[in-house]
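Just so you know, the sequences run in chain order U and B.
With my numbering applied, the first sequence corresponds to residues 389 to 659, in that order.
With my numbering applied, the second sequence corresponds to residues 389 to 659, in that order.
For every residue, glycine included, the Cβ atom is placed at its ideal position computed from N, Cα and C.
Protein chains: 2
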Amino acid sequence: MRPLPETPALRPGAAPLTQRSPRVVAARRLQRRRERDETGRFLVEGPQAVREASAHIEELFATPKGVAAHPELTAGATLINDAGLGALAETVNPQGLVAVCRTFDVPLFEALAKRPRLVAVLAEVRDPGNAGTVLRTADAAGAGAVIFAGDAVDPYNGKAVRASAGSLFHVDVVREEDPFHVVKALRDNGFTVLAADGYGSVSLYDAPLSGPTAWLFGTEAHGLPPELADAADARVHVPLHGRAESLNLAAAAAVCLYASARVLSIEERSL
Amino acid sequence: MRPLPETPALRPGAAPLTQRSPRVVAARRLQRRRERDETGRFLVEGPQAVREASAHIEELFATPKGVAAHPELTAGATLINDAGLGALAETVNPQGLVAVCRTFDVPLFEALAKRPRLVAVLAEVRDPGNAGTVLRTADAAGAGAVIFAGDAVDPYNGKAVRASAGSLFHVDVVREEDPFHVVKALRDNGFTVLAADGYGSVSLYDAPLSGPTAWLFGTEAHGLPPELADAADARVHVPLHGRAESLNLAAAAAVCLYASARVLSIEERSL
Chain U
389 MRPLPETPAL RPGAAPLTQR SPRVVAARRL QRRRERDETG RFLVEGPQAV REASAHIEEL
449 FATPKGVAAH PELTAGATLI NDAGLGALAE TVNPQGLVAV CRTFDVPLFE ALAKRPRLVA
509 VLAEVRDPGN AGTVLRTADA AGAGAVIFAG DAVDPYNGKA VRASAGSLFH VDVVREEDPF
569 HVVKALRDNG FTVLAADGYG SVSLYDAPLS GPTAWLFGTE AHGLPPELAD AADARVHVPL
629 HGRAESLNLA AAAAVCLYAS ARVLSIEERS L
Chain B
389 MRPLPETPAL RPGAAPLTQR SPRVVAARRL QRRRERDETG RFLVEGPQAV REASAHIEEL
449 FATPKGVAAH PELTAGATLI NDAGLGALAE TVNPQGLVAV CRTFDVPLFE ALAKRPRLVA
509 VLAEVRDPGN AGTVLRTADA AGAGAVIFAG DAVDPYNGKA VRASAGSLFH VDVVREEDPF
569 HVVKALRDNG FTVLAADGYG SVSLYDAPLS GPTAWLFGTE AHGLPPELAD AADARVHVPL
629 HGRAESLNLA AAAAVCLYAS ARVLSIEERS L
């Protein structure tokens with residue numbers, strides 16, 4: 389993995405950095421996926437995300453106002469002016485803080501070795517807002533790992549990070565190119581693998597939700613690739629009681645993951 | 389309600405309308421809420437929405453390509469050129485069709501007289517994407533009515549219409565300024581009123597889901613106003629099994645509405 393470009397050390401008492409400072413220019417490139425992939429770094433912004441990310445922060449940029457408002461977060465921060473912070477931030481209101489973080493996804497075998505009871509797999513999901521929302525819901529439902537499989541969105545995409553509302557930092561994040569390998573590994577490790585599929589033959593209300601469970605979710609537009617859904621133990625649809633033709637991805641994932649969460653929490657209490 | 393401006397009748401054989409034609413200029417104003425409120429008209433775009441909206445269409449604008457691609461929808465359409473359609477559309481790809489529709493929300497008493505088993509109330513929800521998504525999920529879960537209460541987003545906002553994916557046309561849409569009046573009317577009509585509230589004292593798993601049920605949902609940022617949540621029969625939280633601090637509105641609504649849908653569908657089968 390290529391390091392971030394070497395940049396000059398800062399002298400104490402120097403003026404705040406600007407959008408033209410080499411360190412800021414280098415950090416700004418992390419808004420692009422290619423730069424994130426090559427350097428293993430990504431950006432988070434705003435006090436809540438910075439707090440959640442603290443174990444992974446390499447450099448924190450803070451405006452004087454950001455330091456004043458968040459003294460508990462900004463020891464060791466690099467001072468930056470408003471225009472410099474604006475250049476790094478993707479939202480209108482980052483409240484004076486943007487951090488460069490190291491990526492921290494774990495290999496699939498490591499995540500499975502912890503024996504999570506619930507796992508979510510995002511197969512080819514390309515919309516960062518959807519991916520981040522499902523990550524957040526999976527965390528809430530008690531999932532131990534979220535696997536980004538195939539040609540899926542980068543979990544460190546700024547919009548995905550923001551939509552996850554901190555959950556990116558709570559679960560094991562795994563990236564695997566081959567979704568079939570993921571399904572095989574899950575089944576080899578004793579998971580029941582369920583494909584969320586609007587056309588699936590099994591109703592969610594009849595689905596086998598007992599024991600360690602992994603849910604596969606596909607894209608909003610095309611769902612799961614059929615061969616991948618076939619590789620699961622069951623293709624499961626959320627019943628449609630009204631006249632809607634489908635649910636959106638985030639809603640379907642919430643219903644499926646919470647159906648599992650409820651069963652698994654009852655099982656855990658009876659252990 | 390003020391009528392749309394009078395515009396000249398079209399001669400057969402006239403050239404397609406443009407973005408400067410008075411009828412197009414008048415229709416374009418419907419992108420603004422005030423104009424929708426004053427005229428009782430709104431815009432839908434694309435063939436799927438136009439098909440769903442057919443009972444409510446007052447005028448359909450179609451490009452020659454739109455007519456060629458969708459002959460089953462475009463009898464009686466007003467021809468418009470690409471620039472004219474582009475001025476009316478809010479999406480990049482409306483596939484040559486934009487329609488002016490009459491709004492069709494119904495009074496609260498009329499929606500309740502149909503005795504729906506499930507109702508969703510959006511109280512002060514301001515994000516149109518969220519509102520449309522919850523409307524879609526409510527339809528899928530079998531809700532008969534969705535009530536926009538208080539200072540909520542306009543259900544005919546273009547983004548809300550698109551996020552509803554047709555469900556705007558499937559359920560009774562009600563608009564009521566006073567959310568307390570809505571809660572009282574629901575209770576007077578025998579509904580159990582449940583406030584979805586991350587800080588609620590009752591777990592969703594223990595909530596009273598039997599019989600006609602109405603769910604109250606508030607904004608993502610602030611939830612429900614506390615006095616409104618107190619007016620419900622119970623304040624219900626979705627259990628958080630992991631480390632997420634909350635669910636987003638669309639996910640929480642999906643979990644709550646489907647918890648009801650499941651119970652109500654079992655009750656219906658046993659009737």
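- DSSP places VAL413/B within a helical segment (H, G or I) once states are collapsed to three.
- Within the DSSP secondary-structure output, HIS625/U pairs in a beta bridge with SER591/U.
- Counting C-beta pairs closer than 8 Å gives three or more between the stretch 499 to 513 of chain U and the stretch 522 to 534 of chain U, which meets the contact rule.
- By the C-beta criterion, the stretch 489 to 499 of chain U is judged not to be in contact with the stretch 590 to 606 of chain B, since fewer than 3 inter-stretch pairs fall below 8 Å.
- PRO495/U counts as exposed, since fewer than 16 other beta carbons sit within 10 angstroms of its beta carbon.
- For ASP585/U, not one C-beta of chain B is nearer than 9 Å to its own C-beta.
- Under the 8 Å Cβ criterion, the stretch 571 to 579 of chain B does not count as touching the stretch 547 to 554 of chain B, having fewer than three qualifying pairs.
- Here the alpha carbon of ALA415/B sits roughly 16 Å from the alpha carbon of GLY434/B.
- The Cβ atoms of GLN483/B and GLY454/B sit closer than 9 Å to each other.
- Comparing alpha-carbon positions, the option among ARG524/U, ALA463/U and VAL412/U lying closest to LEU473/U turns out to be VAL412/U.
- In the three-state scheme derived from DSSP, where H, G and I count as helix and E and B as strand, ARG421/U is classed as helix.
- When the beta-carbon positions are compared, ARG514/B and ASP539/B come within less than 9 Å of each other.
- ALA622/U and THR580/U have their alpha carbons spaced roughly 9 Å apart.
- Per DSSP, the continuous beta strand (DSSP E) segment holding THR580/B begins and ends at 580 to 584.
- ILE654/U sits exposed, since fewer than 16 C-beta atoms from the chains shown fall within 10 Å of its C-beta.
- Taking a beta-carbon distance threshold of 9 Å, LEU510/B does not count as an interface residue toward chain U.
- Under the three-state reduction of DSSP output, THR607/U falls in the strand class.
- For a cut-off of 8 Å, the C-beta gap from GLY630/U to HIS558/B is around 6 Å, short enough to register as a contact.
- CA-to-CA, the gap between ALA519/U and ALA519/B works out to about 20 Å.
- Only residues of its own chain outside the window of five on either side were considered, and among them ALA511, ALA583, ASP585, LEU604 and GLY606 have a CB closer than 7 Å to the CB of LEU612/U, listed in chain order.
- Bridge pairing for GLU433/B: VAL486/B [DSSP].
- Taking 9 Å as the cut-off, the beta carbon of VAL522/B is found no closer than this to the beta carbon of ALA443/B.
- Only residues of its own chain outside the window of five on either side were considered, and among them ALA622 and VAL624 have a CB closer than 6 Å to the CB of VAL590/B, listed in chain order.
- In the DSSP secondary-structure assignment, ILE468/U is bridged to LEU405/U.
- One finds THR521, ASN636, ALA638, ALA639 and ALA642 in chain B with Cβ atoms closer than 8 Å to the Cβ of ALA638/U, taken in chain order.
- Judged by DSSP secondary structure, PHE536/U falls within the beta strand (DSSP E) whose first and last residues are 533 to 537.
- DSSP places ARG563/U inside the beta strand (DSSP E), whose first and last residues are 560 to 564.
- At a cut-off of 9 Å, the C-beta of GLU633/U has a neighbouring C-beta in chain B.
- Taking a 10 Å sphere around the C-beta of THR466/U, we find 16 or more other C-beta atoms and assign the residue as buried.
- Assigned with DSSP and collapsed to three states, ALA632/B falls in coil, not helix or strand.
- Collapsing the DSSP output to three states places PHE557/U in a helix.
- Taking C-beta atoms as the reference points, ALA528/B and LEU592/U fail to come closer than 9 Å.
- Here PHE430/U is buried, its C-beta having at least 16 other C-beta atoms within 10 Å.
- In this structure, ALA642/B sits near ALA642/U, with a CB-CB distance shorter than 9 Å.
- Assignment of THR427/U by DSSP, reduced to helix, strand and coil, places it in the helix class.
- In chain order, TYR593 make up the part of chain B whose C-beta sits under 7 Å from the C-beta of ARG650/U.
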